[in-house]
Amino acid sequence: MDLRQLRCFIAVAEELHFGRAAERLGLAPPALSRQISALEDELGVSLLTRTTRQVALTRAGLIMLEEAKAILVRMERASRSVREASLASSKVLRVGAIDAASSSFVPEALVTFRSRHPGIEIKFVEAMTAPLVQMLEAGKLDLALLRPPRKPTDCAFEILRVERPIVVLSESHPLAAREYLTMQDLVGEPFVVPSKRIRPFAYDLVMAYFESVGAVPNVTIEATEKPAMMSAVAAGLGMALAPDWVSRLSFPGVTMRRLRGALLDPPPPGPWSASPGGRIRSSRRATISSPSCARA
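Following this note's numbering from start to finish, the sequence shown increments by one per residue and tops out at 321.
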């Protein structure tokens, strides 16, 4: 029995519907069903009765629901207590962030934190979302500012800010004369996109924007990092989409225009929502600067 199985069971028990529970957890219904079956096999009892029309709790399921909730509460309380004790004794705050966060509000936030808690050492690391989540889950970070990962995680998330996309294009491009652009303006233009392998979220986001207007980008090159993308744009290899924090940086030969009518990161559904009162709900904390725990 593991915590993921318990969370899956609680979701199904509360929703009494595998489809809604799967959506709430960000899982495919077959995967959710396997988790429930594995839990029932381990316990040797049936927790749910299933028909084509409804899902209901057995007597054992009713008892298990209360016990599972109590277990999760105890685990969260224990995790919080251990982490707070560790922080108090070591006086070290371990923070991770994606480039979108570390290039925007993180420096000011860390300066403010240090002024209020001068006795606590800050250890900071910049990385992409997937490795940051791994470090959080391994207990190597106390807090991360990132985008909600694709795979389910035990981390809790709180939305910090929303980013808007900008269009990056060569200063000599005819569209550079406009104040803002729309997705229709970008259809057919040569395009520099994020690396599908290294930055899958950013790549999929660009694809989704073009799909929203019934098109696909005319991809000329994939770039892993922002400087490489900007260099490709400046060289005339195409235009690109980037988060608005990039506009704070300067790249020779490149200009930037607002993309009208779009958010870079629409608020994610279900488990990524901020908790009541804006509080983070877990000792393993990931915050988003997009409706991203700042999603790069």
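Don't be surprised by glycine CBs; every beta carbon is placed ideally from N, CA and C. Since the model is a prediction, treat every value here as computed from it, not as a measurement.
So the candidates are the options; which of them puts its Cα closest to the Cα of residue i?
i	options	result
V241	Y228, T249, V192, T76	Y228
L360	S197, E204, L52	Since the first residue shown for the chain is 26 and the last is 321, residue 360 is missing from the structure and cannot be characterised.
L211	R273, R283, R189, G51	R283
F216	S195, A63, K165	S195
D124	A169, V107, M232, K165	A169
S129	P268, R32, L73	P268
F149	I35, G164, S127	S127
L161	G86, D27, A122, V70	A122
E109	A257, G164, H42, E48	G164
E236	S220, G213, K251	G213
Excluding sequence positions up to five away, which residues of its chain have a Cβ less than 7 angstroms from the Cβ of residue i?
i	result
W297	In this prediction, W297 has a pLDDT of 38, which is less than 50 and means its spatial position is unreliable; what the coordinates show is noted afterwards. If we look at W297 and ignore the five residues flanking it on each side, its Cβ neighbours are P173, F182.
Q30	Q60, A63, L64
E39	none
State the DSSP-derived secondary structure class of residue i, mapped to helix, strand or coil.
i	result
T83	coil
S298	Low per-residue confidence applies at S298: pLDDT is 35, beneath 50, and the placement is therefore not dependable, though the value from the model is reported in the following sentence. Correct three-state label for S298: coil.
S195	strand
I88	helix
I147	strand
P277	coil
G44	helix
V70	coil
E188	coil
E162	helix
M264	strand
L52	coil
F182	strand
R105	helix
R139	helix
Looking only at its own chain, which residues have a Cβ that is under 6 angstroms from the Cβ of residue i, when we skip the five neighbours before and after it?
i	result
M254	V217, A248, A265
V158	P174, T178
I223	T249
T312	Only weak support exists for where T312 lies, its pLDDT of 46 falling under 50; the value from the coordinates is given anyway. Excluding residues within five positions, the ones whose Cβ falls inside 6 angstroms are L170, E183, L185, C318.
L90	A38
I'd like the list of long-range same chain contacts for residue i, defined as Cβ closer than 8 angstroms, with 5 residues on each side in sequence excluded.
i	result
Y205	R282, R283, L284, R285
Per DSSP, residue i forms a beta bridge with which residues?
i	result
E39	In DSSP, E39 forms no bridge with anything.
R32	Bridge partners of R32: none, in fact.
| field | Contiguous beta strand (DSSP E) assignments of at least 3 residues, all confined to the segment 207-248 | value | 215-219, 243-248
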